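Plus 1491 on top of the position in the sequence shown (first one is 1) and you've got my numbering.
We put the CB at the ideal spot given by N, CA and C, even for glycine.
Just so we're clear, the structure is a prediction, and the values are computed from it rather than from any experiment.
Worksheet for the structure shown next.
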Amino acid sequence: MSGMLPGAAGDSGSGSSRFEILYEDNHLLGIVKPVNIPVQEDATGDPDLLSLLKQDVKERFHKPGNVYMGLVHRLDRPVGGAMIFAKTSKAASRLSESVRSHHFRKVYLTVVHGKPPAAQGRLVNTLLKDAKTNTVTIVRKGTPGGKEAILDYTVIGSAGGYSLLKIDLLTGRSHQIRVQLSGIRCPLYGDQKYGAAVNKPGQQIALWSAVVGFPHPVTKEETELISIPPQTHPWSLWSQHIQKQAIL
């Protein structure tokens, strides 16, 4: 189940898209990012979302030449859910400014092992990324290269040794949710990098971009993209109604 508030505007092209479109007009394209696709081209050489979206728009609108598609925010390769892209450089610039000025809202749903110590709380840590290993660790405040990471969490429910959490991401650090929750001994279901001791190889990480909210770069209207995870394990431990109520 996915949705968009307010209603989508503009032409969505003459053909059908290979992606689930949450919002589209002349300035923006909001989609449900499929899991296990890199957002940008990486060392694997696998097809990346940005290139696929350009080709998709080119085909649907019969556009000659190159298609512009601006990347405003990122999701880790194994993570799925709502993403917004800019179809013009002006829209990209204005959305990027919304990100910098903290007018860009990001809400995630995740399933973790165990249960956090409180029903809701704020996690504040300093994170340091090792680019060589593509891993992030929690370090002491003031550590050279360390960046402050802040998130708010709310426990939506617990079942079968797992908890469903709503995450309001207040800073956008690499692997932030995964590292910070592992830091309170609640690693994400399926996360091999930060929860290898409790997860099995091949499990899909249970982290989903549920809400992306921002002022429209042209109309200034507050816009929200909403996406609910697929009803596969462990998401299916909670109904889609409960998940949707949690983020609205």
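| query | result |
| --- | --- |
| Start-to-end residues for the beta strand (DSSP E) that takes in residue 1648 | 1638-1650 |
| Rounded C-alpha distance that separates residue 1704 from residue 1738 | 12 Å |
| CB contact flag (residue 1470, residue 1586, <8 Å) | In the structure as shown, the chain begins at 1492 and stops at 1739. Residue 1470 is therefore absent and cannot be evaluated. |
| 7 Å Cβ shell around residue 1583 - same chain, five flanking residues per side excluded | 1561, 1563 and 1577 |
| Within 8 Å, strictly: CB atoms of residue 1731 and residue 1719 | yes |
| Burial state of residue 1531, where buried means 16 or more other Cβ atoms lie within 10 Å | exposed |
| Strand pairing of residue 1656, partner residues [DSSP] | 1601 and 1646 |
| Residue 1529 vs residue 1537 beta-carbon contact at 8 Å | yes |
| Residue 1524 versus residue 1658: straight-line alpha-carbon distance, rounded | 18 Å |
| With 16 other Cβ atoms within 10 Å as the buried cut-off, status of residue 1727 | exposed |
| Residue 1611 beta carbon less than 8 Å from that of residue 1640 | no |
| In DSSP terms, what residue 1549 is bridged to | According to DSSP, which records beta bridges pairwise, residue 1549 is partnered with nothing at all. |
| Contact belief for residue 1685 with residue 1673 at Cβ below 8 Å, rounded distance in angstroms | 4 Å |
| Nearest-angstrom Cβ-Cβ length linking residue 1637 and residue 1619, presumed shorter than 8 Å | 5 Å |
| Alpha-carbon to alpha-carbon, residue 1595 and residue 1682 | 26 Å |
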